[in-house]
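J.:
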Amino acid sequence: MENKALLMQGNEACVRGALYAGMKFYSGYPITPSTEIAELSAEYLPTVGGTFIQMEDEIAGIAAAIGASIAGKKSMTATSGPGFTLKQENLGYAVMAEIPLVIVDVQRGGPSTGLPTQSAQGDVMQAKWGTHGDSAIIALSPNSVTETFYLTVRAFNLAEKYRTPVILLTDEVIGHAREKIFLPEAGEIETFDRLGPLEDRPYIPYGVEEGDIVPRFAPFGTGHRYNITGLFHNEQGFPSNSQENAQIMLQRIHDKLNGEDIIDFESLYCDDAEYVFLSYGSTSRSAIAAVNQLRKEGYKVGLFRPITIWPSPEKQIKELASRVGEICVAEMNLGQYFLEVQRLACGDTKVSHMGRANGDILVPEEFVARAKEYFNER
Amino acid sequence: MKRLEFSFSGTGGQGVILLGVIMAETAINEGLNALQSQCYGPEARGGASRCEVIISDEEIYFPKVQNPNYVLCLSQAAANKYAVNLKEEAVLILDDRIELNAEPGTSNIYYLPILDTARNEIGKEITANIVSLGILQEITKLFSKEAMITSVLHRVPKGTEAINTAAIEAGVQLVKQWHEKKS
Amino acid sequence: MSDRSQLVDKYFRVDNLPHIWCPGCSHGIVTRALTKAIDELDLDPDKIVIVSGIGCSSRAAGYLNFNTLHTTHGRAIAYATGIKLANPELHVIVITGDGDASAIGGNHLIHACRRNIDLTVMIFNNNIYGMTGGQYSPTTPHTALGTTAPYGNIDRPFDLVRLVEGAGATYIARGTAYHTLQLTGYMKKAIAHKGLSVVEAISSCPTYYGRKNRIGDAVGMMQWMKDTFVEKRAYDRLDEEKRIGKVPFGEFVNIQAPEYTAVLAEITKRVEGRL
Chain A
1 MENKALLMQG
11 NEACVRGALY
21 AGMKFYSGYP
31 ITPSTEIAEL
41 SAEYLPTVGG
51 TFIQMEDEIA
61 GIAAAIGASI
71 AGKKSMTATS
81 GPGFTLKQEN
91 LGYAVMAEIP
101 LVIVDVQRGG
111 PSTGLPTQSA
121 QGDVMQAKWG
131 THGDSAIIAL
141 SPNSVTETFY
151 LTVRAFNLAE
161 KYRTPVILLT
171 DEVIGHAREK
181 IFLPEAGEIE
191 TFDRLGPLED
201 RPYIPYGVEE
211 GDIVPRFAPF
221 GTGHRYNITG
231 LFHNEQGFPS
241 NSQENAQIML
251 QRIHDKLNGE
261 DIIDFESLYC
271 DDAEYVFLSY
281 GSTSRSAIAA
291 VNQLRKEGYK
301 VGLFRPITIW
311 PSPEKQIKEL
321 ASRVGEICVA
331 EMNLGQYFLE
341 VQRLACGDTK
351 VSHMGRANGD
361 ILVPEEFVAR
371 AKEYFNER
Chain B
379 MKRLEFSFSG
389 TGGQGVILLG
399 VIMAETAINE
409 GLNALQSQCY
419 GPEARGGASR
429 CEVIISDEEI
439 YFPKVQNPNY
449 VLCLSQAAAN
459 KYAVNLKEEA
469 VLILDDRIEL
479 NAEPGTSNIY
489 YLPILDTARN
499 EIGKEITANI
509 VSLGILQEIT
519 KLFSKEAMIT
529 SVLHRVPKGT
539 EAINTAAIEA
549 GVQLVKQWHE
559 KKS
Chain C
562 MSDRSQLVDK
572 YFRVDNLPHI
582 WCPGCSHGIV
592 TRALTKAIDE
602 LDLDPDKIVI
612 VSGIGCSSRA
622 AGYLNFNTLH
632 TTHGRAIAYA
642 TGIKLANPEL
652 HVIVITGDGD
662 ASAIGGNHLI
672 HACRRNIDLT
682 VMIFNNNIYG
692 MTGGQYSPTT
702 PHTALGTTAP
712 YGNIDRPFDL
722 VRLVEGAGAT
732 YIARGTAYHT
742 LQLTGYMKKA
752 IAHKGLSVVE
762 AISSCPTYYG
772 RKNRIGDAVG
782 MMQWMKDTFV
792 EKRAYDRLDE
802 EKRIGKVPFG
812 EFVNIQAPEY
822 TAVLAEITKR
832 VEGRL
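So the sequences go chain by chain: A, B and C.
Take 1 as the starting number for the first sequence in this note's numbering and just add one per residue.
Take 379 as the starting number for the second sequence in this note's numbering and just add one per residue.
Take 562 as the starting number for the third sequence in this note's numbering and just add one per residue.
Right under this line is the structure:
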């Protein structure tokens, strides 16, 4: 059967992607502008033998999803800024206990209740640093409905492969826009399931087998009785106060996210660019429109778009900084990813910022003007 | 076909979002690219509601409507807000009960009895959005009437096919009558 | 072999002992009663999940040889809900304390009761936050002393039995660490019950509660339990005057109502394959 073009909302593409990846459990709490993700999960999950539950609050929403993952189901929860904040403690639990999980944050204007029906990219640093302690995290940022689908599948794959929570950091513009999408057939793109215990040896719940990246996962109820805790724990999963153990354990949790396959980005005309916009999510669409126009006019501009925003594409951004005249970070906040790019550029090139936090996205004309200003002054 | 921008507005509950969804869906069915979005407050009924559609045969990058080519307003409040600062070549379509309080920026204006037609001719005021689709089809000639009807019937509840088809027809006729009256 | 060591060998992770609880703490007695109940029910240990929150009582999970999950403060019931929904054949037992269950986790407690999801919630109630050093909890009596109530507790305490009854739990019992035989019986019935069951197990914290409130050491607190808690039927027969200072224990609610995972399974059966 030929794939039909569908008109689909970003939030629906997220649910479709989750189901494609094998999501069998969703728990959450209603919050604009993410609610369609809950509504559609409620509608679709029981039809594939999965489970949806609306919990009593945001905290319970992530807690139940972690519980379901521990029982072996691919789980997801979705929220927006204020709810994302409420989920942070248990997000840290999933990092510490190494539980696969997908958390969607459809960003809206903030702080606080802010602009519930309007867009923002103000949770970028919260995604990275929101939970307490030295946690490591993966966050992906789609810039279209189609990419929302594919990145949701990818979020599940990375969560399963690296036994970690993965954040899908989308925003109101992408979440609520309807666009053309061709859904892939079953089996057309790879899906990954967490590895189970090896049969020929005793199961060590938090021990890493040779050749593996992370401990193997035995769902509760499958005959391996072990302990999971948010305390620092030894290989058997039991609490440990050993400082030596704590250091090794946390380092491993950080190091596992160095995987080359985690980093993803789009580079547009960056090869010979003098002036580069660095933008992600919905804002990057204005940047693409502007860069295309500027190129037609002969300006050597480019766009670098992190798709995996955490961990950041360090190597690529450093390389870019070593050879371009200026990197302008454009985002719907007052300067967040800007700090990361500044850190990576480390004085090698000028890093400027173009931001907005009034609920509206930056428009292509602003990008064009900014780039022309650079070339005129040069 | 270059990028075309549409702005549809009215009172919450008039179905302007569905209007935009069907418009975008028709474009996609016809092999074009489309993007539909909306801005709204917390209320589902009442309050001003605006829906945007962008249609193009190229990739659509910037996802917002800045300078609409076509503006359709179904309520006075919507017109006060959205029928202003339009570009000269924009086409403005207004329900004929609307009175413009400010210079819209364009002189291409259609005053059509959209709500009256839905209520009295079709018999259901909620079909005003479908009547509007007929109007847009006849004015823009972007798609065939058949393509529009197909996507309307895909989106409306079963058992309402006849009145919705009639609503499209009625919209087409409103435009034809307007042109006859003008010439 | 004594009955006690049999239970320990069978259900405890002996390598993890001794436990962290203070000498004289009743949590060990309550935990033992739980293993006794599980033993008498002859359940498959592979199908038992113990979920706990944070606090002294929640450390019990780590000592028990089942699938054990030590979660975040207050959230054990929410985690347990996810586990039960993901695999309804599991017996999911929550071990929590008075602060964990009724302060920071109070919302999850009442909503789990409302849903009547098949979980068993064992609240080890020692009337104090023990792990953090004796601050007053939602079950600390009015005027009692705590490290954050140096002039007497101003709050009025929750009656946990009445709280969960109002929220819709379908099996509710209160037992004590002194009346272990009855406590084990309630735990057995709670685990076997299809629906949300709550057992409030009155425990004791001689270190922070007993000493501060001049109730005494471990023995003194046992005496206090013996004197204060009266079996419900006997309590019901007491005159109003004689009830003063007494608290009933026993079975308070035991009713059948549609259970969440069962209703969900029916819906899933009806709609599966529809889209």
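Just so it is clear, CB atoms sit at the ideal spot from N, CA and C, and this is done for glycine as well.
(1) At which residues does the beta strand (DSSP E) containing A/S75 begin and terminate?
(2) Answer with yes or no whether the minimum CB distance from B/G388 to chain A is below 8 Å.
(3) Which chain A residues sit within Cβ distance under 7 Å of B/Y418?
(4) For the putative contact between B/I492 and B/S510, defined by C-beta atoms under 8 Å, what is the C-beta separation to the nearest angstrom?
(5) Rounded to whole angstroms, how far is the Cβ of B/L470 from the Cβ of B/A461, which I believe are closer than 8 Å?
(6) Is the separation between the beta-carbon of B/K465 and that of B/G483 shorter than 8 Å?
(7) Assuming contact is defined by CB atoms lying nearer than 8 Å, are C/G643 and A/A68 in contact in what I supplied?
(8) Who pairs with A/M23 in a beta bridge, going by DSSP?
(9) Alpha carbon to alpha carbon, how far is B/Y448 from B/L520? Give it in angstroms, no decimals.
(10) Quick one: what's got a C-beta closer than 8 Å to C/L602's C-beta in the same chain, skipping five residues either side?
(11) Give the range of the alpha helix (DSSP H) segment to which C/M786 is assigned.
(12) Of all the residues that make up the region 602-615 of chain C, which are near chain A by a beta-carbon distance shorter than 7 Å?
(13) Quick one: Cα of A/R405 to Cα of A/Q336, how far?
(14) Which first and last residues belong to the alpha helix (DSSP H) in which A/K372 is found?
(15) Could you tell me whether the Cβ of B/F521 comes closer than 8 Å to any Cβ of chain A?
(16) Should the region 243-258 of chain A be called in touch with the region 271-285 of chain A, which here means at least 3 C-beta pairs below 8 Å?
(17) How close, in whole Å, do the beta carbons of A/Q107 and A/G92 come, if the pair is a contact with beta carbons under 8 Å?
(18) For the candidate residues A/S144, A/E172, A/D171 and A/A139, whose alpha-carbon lies nearest to that of A/F156?
(19) Helix, strand or coil for C/M562, going by three-state DSSP, please let me know.
(20) Along the chain, where does the beta strand (DSSP E) that runs through B/F440 open and close?
(21) Residues in its own chain within less than 7 Å of C/G771 by CB, not counting five upstream and five downstream?
(22) What residues match up with A/L168 in a beta bridge as DSSP calls it?
(23) Considering only their Cβ atoms, is the gap separating A/K87 from A/I62 smaller than 8 Å?
(24) Note the first and the last residue of the continuous alpha helix (DSSP H) segment covering A/V341.
(25) Tell me, please, whether the CB atom of A/L231 is closer than 8 Å to any CB atom in chain C?
(26) If you measure from the beta carbon of A/F182 to each beta carbon in chain C, is any gap under 8 Å?
(27) Where DSSP assigns a beta bridge to A/K180, which residues make up the other side?
(28) Counting only the same chain and skipping the five closest in sequence on each side, list residues whose C-beta sits under 8 Å from that of C/T704.
(29) Consider the Cβ of B/Y439: report whether some Cβ of chain A lies at a distance smaller than 8 Å.
(30) Between which two residues does the alpha helix (DSSP H) containing C/I715 stretch?
(31) Given a cut-off of 8 Å on the beta-carbon distance, is the pair B/L472 and B/Y489 in contact?
(32) When you compare the CB positions of A/A13 and A/I181, do they come within less than 8 Å of one another, or not?
(33) With DSSP as the reference, label C/N628 as helix, strand or coil.
(34) If you check the beta carbons only, do B/Y418 and B/G388 fall under 8 Å apart?
(35) Relative to the C-alpha of A/D212, which candidate in A/D171, A/G187, A/Y162 and A/G223 has its C-alpha closest?
(36) A/I174 and A/G359: beta carbons closer than 8 Å?
T.: Inspection of the coordinates gives the following:
(1) The sequence position of residue 75 of chain A within the first sequence is 75, counting from 1. Here the beta strand (DSSP E) through A/S75 covers K74 to T79.
(2) Start at 1 with the first residue of the second sequence, and residue 388 of chain B comes out as number 10. Cβ-Cβ to chain A under 8 Å: no for B/G388.
(3) As a first step, residue 418 of chain B must be located in the second sequence, where it is residue number 40. Within 7 Å Cβ-Cβ: T117.
(4) Indexing the second sequence from 1 puts residue 492 of chain B at position 114. Indexing the second sequence from 1 puts residue 510 of chain B at position 132. So it is a contact: roughly 6 Å between Cβ atoms.
(5) Position 92 of the second sequence, counting from 1, holds the residue named residue 470 of chain B. Position 83 of the second sequence, counting from 1, holds the residue named residue 461 of chain B. At roughly 6 Å, the Cβ-Cβ gap stays under 8 Å, so B/L470 and B/A461 are in contact.
(6) Along the second sequence, one-based indexing puts residue 465 of chain B at 87. Along the second sequence, one-based indexing puts residue 483 of chain B at 105. Cβ atoms of B/K465 and B/G483: closer than 8 Å.
(7) Residue mapping note: residue 643 of chain C aligns to position 82 of the third sequence, counting from 1. Residue mapping note: residue 68 of chain A aligns to position 68 of the first sequence, counting from 1. Cβ distance < 8 Å, so C/G643 and A/A68 count as in contact.
(8) On the first sequence, residue 23 of chain A is found 23 positions in, with the first residue counted as 1. In DSSP, A/M23 forms a bridge with A/K74.
(9) Position 142 of the second sequence, counted from the start, is the residue given in the question as residue 520 of chain B. Position 70 of the second sequence, counted from the start, is the residue given in the question as residue 448 of chain B. The straight-line gap from Cα to Cα measures roughly 12 Å.
(10) Counted from its first residue, the third sequence places residue 602 of chain C at position 41. Within the same chain, C/L602 has close Cβ partners K749, I752 and A753.
(11) By 1-based counting over the third sequence, the position of residue 786 of chain C is 225. Here the alpha helix (DSSP H) through C/M786 covers A779 to T789.
(12) P606, D607, K608 and V610
(13) Beyond the ends of chain A as shown, which are 1 and 378, falls residue 405 of chain A; an answer cannot be given.
(14) On the first sequence, position 372 is the one that residue 372 of chain A refers to. Residues P364 to E377.
(15) Position 143 of the second sequence holds residue 521 of chain B. So, not an interface residue.
(16) no
(17) Position 107 of the first sequence, counting from 1, holds the residue named residue 107 of chain A. Position 92 of the first sequence, counting from 1, holds the residue named residue 92 of chain A. Not really, about 20 Å apart at Cβ, beyond 8 Å.
(18) Your numbering for residue 156 of chain A matches position 156 in the first sequence. Closest by alpha carbon: A/A139.
(19) Your numbering for residue 562 of chain C matches position 1 in the third sequence. Since pLDDT at C/M562 reaches only 45, below the 50 mark, its modelled position is unreliable, and the value read off the structure follows with that caveat. DSSP places C/M562 in coil when its eight states are reduced to three.
(20) As a first step, residue 440 of chain B must be located in the second sequence, where it is residue number 62. Where B/F440 is concerned, there is no enclosing beta strand (DSSP E), given that its DSSP letter is neither H nor E.
(21) Along the third sequence, one-based indexing puts residue 771 of chain C at 210. So the qualifying residues of the chain are S765, G777, D778, G781 and M782.
(22) Counting from 1 along the first sequence, the entry for residue 168 of chain A is found at position 168. Its beta-bridge partners are A/V104 and A/L140.
(23) Residue numbering aside, residue 62 of chain A sits at position 62 when the first sequence is read from its first letter. Residue numbering aside, residue 87 of chain A sits at position 87 when the first sequence is read from its first letter. Against a cut-off of 8 Å, the Cβ pair of A/K87 and A/I62 comes out as a contact.
(24) Counting from one through the first sequence, the residue named residue 341 of chain A turns up at place 341. Residues Y337 to A345.
(25) As a first step, residue 231 of chain A is located in the first sequence; it is residue number 231 there, counting from the start. For A/L231, the answer is yes, since a Cβ of chain C falls inside 8 Å of its Cβ.
(26) Locating residue 182 of chain A in the first sequence gives position 182, counting from the first residue. So no, A/F182 is outside the interface.
(27) As a working mapping, residue 180 of chain A is identified with position 180 in the first sequence. Paired residue(s): A/L7.
(28) Residue 704 of chain C sits at position 143 when you count from the first residue of the third sequence. Here the set comprises G713 and N714.
(29) Indexing the second sequence from 1 puts residue 439 of chain B at position 61. Answer yes: the Cβ-Cβ gap between B/Y439 and chain A drops below 8 Å somewhere.
(30) If you number the third sequence from 1, residue 715 of chain C lands on position 154. Counting along the chain, C/I715 falls outside any alpha helix (DSSP H), and DSSP gives it neither H nor E.
(31) Residue 472 of chain B sits at position 94 when you count from the first residue of the second sequence. Residue 489 of chain B sits at position 111 when you count from the first residue of the second sequence. Yes. Within cutoff.
(32) Within the first sequence, residue 13 of chain A is the residue found at index 13, counting from 1. Within the first sequence, residue 181 of chain A is the residue found at index 181, counting from 1. The answer is yes: Cβ separation under 8 Å.
(33) On the third sequence, position 67 is the one that residue 628 of chain C refers to. In this structure, C/N628 counts as strand in the three-state DSSP scheme.
(34) Position 40 of the second sequence, counting from 1, holds the residue named residue 418 of chain B. Position 10 of the second sequence, counting from 1, holds the residue named residue 388 of chain B. Cβ atoms of B/Y418 and B/G388: not closer than 8 Å.
(35) Sequence index remark: in the first sequence, residue 212 of chain A carries index 212 (1-based). The option with the nearest alpha carbon to A/D212 is A/Y162.
(36) The sequence position of residue 174 of chain A within the first sequence is 174, counting from 1. The sequence position of residue 359 of chain A within the first sequence is 359, counting from 1. Against a cut-off of 8 Å, the Cβ pair of A/G359 and A/I174 comes out as no contact.
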